[in-house]
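Peer 1: From first to last, the protein sequence lines stand for chains A and B. When the letters of the first sequence are read in order and numbered with the numbering used here, they come out as residues 1 to 312. When the letters of the second sequence are read in order and numbered with the numbering used here, they come out as residues 1001 to 1270. If you scroll down you'll find the structure; I have some questions about it.
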Amino acid sequence: MSILITSIIFGLILSFLALGVFISFRVFDFPDITVEGSFTTGAALTALLIVRGCDPLLSCLVSFAGGMAAGALTGIIHTRFRINPLLSGILVMTALYSVNLHVMGRSNLPMPGAVTLFSGLEKVSQQLFGQGSKVVLLGWSVDARDLVILAALVVLVLLTGLVLRWFFRTNLGTAMRATGDNDQMIRALGVNTKLMIVFGIAFANGFVALSGSLMAQFQGFADVQMGIGMMVWGLASVIIGQVVVGQTTVGYVIIGAVLGSVLFRLLVAIALRLGMNPNDLKIITAAFVFIALILPGLLKRRKSFWRSKKYA
Amino acid sequence: MLKVNNIQKTFNPGTVHQVRALQGFSLTLEQGSFVCVLGSNGSGKSTLLNAIAGTFPVDQGTISLDGTDITGWPEHKRARYMGRVFQNPLSGTAPNMTISENISLALRRGKPRGLGPGISRGKKEEYRQMVRPLNMDLEERLDNPIGKLSGGQRQALTLLMASALQPKLLLLDEHTAALDPRTAARVTEITQMIITRDFLTTLMVTHSMQQAVHMGDRLIMMHQGRVAYDFKGEDKKRLKVNDLLALFDDLRRKDAIDPGVAVYLSNNYV
């Protein structure tokens, strides 16, 4: 049971990553690989600040800002110098590797016994339920600490989701969605699409860095390698979410991204438990995303194939 | 109103693909006039429209609107004063967004876009009123994604959106060329209806001589990136399709003569 809860916690932490990928990939149709660097940047900034005794909440905000700066840079490289989106992301991601090493001062920065958001939540749980106590949930005995963390994350994700849903339905947010849908049209309606892209990719990476920040705090360390594969991870979450929710309105797609992130983490946890070699994790994730990407097209072709046979 | 002064545009300069699309084009539009631009393929009519809309900077010359020089303005800034409909019916609307959302985007053309709600219940009624004159049964489909509509419906909506805020200038780029004849006729009708209703100053590129003869109060025929013929007032009203065909033939014959010889002949015999 505790494995299940931990998986859900990881899934919720990574759902901020999924929301970031949703913004860049779904809203702006921008395959933004900056994610792999900005996730680590978020973690590195948080680890550095927390080790120095900074407030964990403030560290999260600084990480968010750091991610935004990285995203803005990718956006500017793309819009200003007309470099293809993927290449712009690769340039920034590569540069961030060095930046992250400089921020941390070494490749792995642990935060033993430091005050993090999660140690704070642990204290809350001690006050509510007493130290190391168990709570019975649906017949299972669960660590009270995990439950409090889970609840806090659910609230945080819910709030973020609501704010995003609200934002993407405002005039500005609608213009951003139109930028990804038909940039020629929205330019003819007076929107500076370059500015929209820079802002959008910046916010996307802000959320990704926040995800990295939370991850570092939960694991108790930041590692320069922790961003590797995050882009595909985020894509997998968004795609699974889309399949599960099956709706295309903004609110549903946001719910989908969060659900997808949790479900994907659970799937991985189950696969690992069934004896999958952890080294195979990335290749299976990649294969999974590949299949998810081609499946709708294949299904459609099959359908029209049967239809053409029927009416032949 | 609109003053286009001696603009030039060459694509791919200095390469084998060099195209001199506009070669010193000048035009002055009066307030409220409706001008049809006719020309053979490659005469520069679409380039002219894109130059005015700011899709690319011109190499030379100036463009001004109501006395303001807009030559250096980026496309999105010019959009404040211009509504546009493209040749491709898919270009003017965002396919994955609903009809309501598309209209709401158009109703903020050139205005600041802040954190106010994009669409609300009250606005929906307004949108319903807007699409009703199209007679396309779109009133009950406001929440459907535009991608599900036909090309004709999308083009009619684009027209509605482009003219929504009474732009100073309406630019139509062969907007019925990609539609089937029936739909094209319907969209042409709607075009005429909107332009007369709102007294919009309009520049319409077309390759349909019927359209050019029957619509507008002025007709410009372009050739090699310049104005070849310009008909206004009574002259425009008298024009028939046959006259235009004859003019096209003239231009074609002139093209067949070597430019040097042409100068010689015209100096000596014309």
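In this text, a Cβ means the ideal position worked out from N, Cα and C, and glycines have one as well.
For residue 1181 of chain B, go through chain A and note every residue whose CB falls closer than 7 Å to its CB, in chain order.
Peer 2: The contact set of residue 1181 of chain B on chain A, defined by CB atoms closer than 7 Å, is empty, because the minimum CB distance reaches about 26 Å.
Peer 1: Check each candidate in A/80, A/112, A/44 and name the one with the smallest Cα separation from residue 98 of chain A.
Peer 2: A/44
Peer 1: Using the Cβ count rule (16 or more neighbours within 10 Å means buried), how would you classify residue 1277 of chain B?
Peer 2: This structure cannot settle anything about residue 1277 of chain B, because the visible part of chain B is limited to 1001 through 1270.
Peer 1: List the endpoints of the continuous alpha helix (DSSP H) containing residue 37 of chain A.
Peer 2: 35 to 51
Peer 1: Alpha carbon to alpha carbon, what distance is there between residue 79 of chain A and residue 1061 of chain B?
Peer 2: 27 Å
Peer 1: Mind checking the region 194 to 212 of chain A against chain B and listing, in chain order, the residues whose C-beta falls within less than 7 Å of any C-beta there?
Peer 2: Residues: none.
Peer 1: Using a beta-carbon distance below 8 Å, is residue 186 of chain A in contact with chain B?
Peer 2: yes
Peer 1: Distance, Cα to Cα, residue 18 of chain A vs residue 257 of chain A?
Peer 2: Approximately 6 Å between the Cα atoms of the pair.
Peer 1: State the start and end residues of the unbroken beta strand (DSSP E) segment that holds residue 1046 of chain B.
Peer 2: Element bounds for residue 1046 of chain B: not the beta strand (DSSP E) but the alpha helix (DSSP H), 1045 to 1053.
Peer 1: How would you list, in chain order, the residues of chain B whose beta-carbon sits under 9 Å from the beta-carbon of residue 170 of chain A?
Peer 2: 1113, 1114, 1115, 1116, 1117, 1118
Peer 1: Considering only residues of the region 1116 to 1194 of chain B, which uninterrupted alpha helix (DSSP H) runs meet the minimum length of 4 residues and lie entirely inside it, listed in chain order?
Peer 2: For the region 1116 to 1194 of chain B, whole alpha helix (DSSP H) runs of length 4 or above, ordered along the chain, are 1121 to 1131, 1151 to 1163.
Peer 1: Rounded to the nearest angstrom, what separates residue 102 of chain A and residue 66 of chain A at their Cα positions?
Peer 2: 14 Å
Peer 1: Quick check on this structure: which residue in B/1033, B/1071, B/1110 has the alpha carbon closest to the alpha carbon of residue 191 of chain A?
Peer 2: When C-alpha distances from residue 191 of chain A are compared across B/1033, B/1071, B/1110, the shortest belongs to B/1110.
Peer 1: State the beta-bridge partners of residue 222 of chain A as determined by DSSP.
Peer 2: A/109
Peer 1: Taking Cβ positions, are residue 237 of chain A and residue 203 of chain A nearer each other than 8 Å?
Peer 2: no
Peer 1: Closer than 8 Å by C-beta to residue 64 of chain A: which residues in its own chain qualify, once you throw out the five before and the five after it? Chain order, please.
Peer 2: 42, 206, 207, 209, 210, 213
Peer 1: Can you give the Cα-Cα distance for residue 33 of chain A and residue 60 of chain A, rounded to whole angstroms?
Peer 2: 21 Å
Peer 1: Using a beta-carbon distance cut-off of less than 8 Å, what residues from the region 156 to 180 of chain A approach chain B?
Peer 2: 167, 169, 170, 171, 172, 173, 174, 175, 177, 178
Peer 1: Go ahead and label residue 1255 of chain B buried or exposed: buried means 16 or more other beta carbons lie within 10 angstroms of its beta carbon, across all protein chains shown.
Peer 2: exposed
Peer 1: So, with DSSP's three-state summary, where would you put residue 312 of chain A?
Peer 2: With a pLDDT of only 46 at residue 312 of chain A, under 50, the local geometry of the prediction cannot be trusted, and the value read off the model is given with reservation. In the structure shown, residue 312 of chain A sits in coil (DSSP, three-state: anything other than H, G, I, E or B).
Peer 1: Beta strand (DSSP E) containing residue 1084 of chain B: first to last residue?
Peer 2: 1082 to 1085
Peer 1: Is the region 1185 to 1200 of chain B touching the region 1008 to 1020 of chain B in the sense that three or more CB pairs, one from each, lie closer than 8 Å?
Peer 2: no
Peer 1: Contact criterion: CB-CB distance below 8 Å. Does residue 1130 of chain B meet it with respect to chain D?
Peer 2: Reference to chain D is not applicable here, since the protein chains of this structure are A and B.
Peer 1: Listed in chain order, which residues of the region 72 to 92 of chain A have Cβ atoms closer than 9 Å to some Cβ of chain B?
Peer 2: none
Peer 1: I'd like to confirm something about residue 271 of chain A: is its beta-carbon nearer than 7 Å to some heavy atom of the ligand GTP, or not?
Peer 2: The model depicted lacks the ligand GTP and carries no ligand whatsoever.
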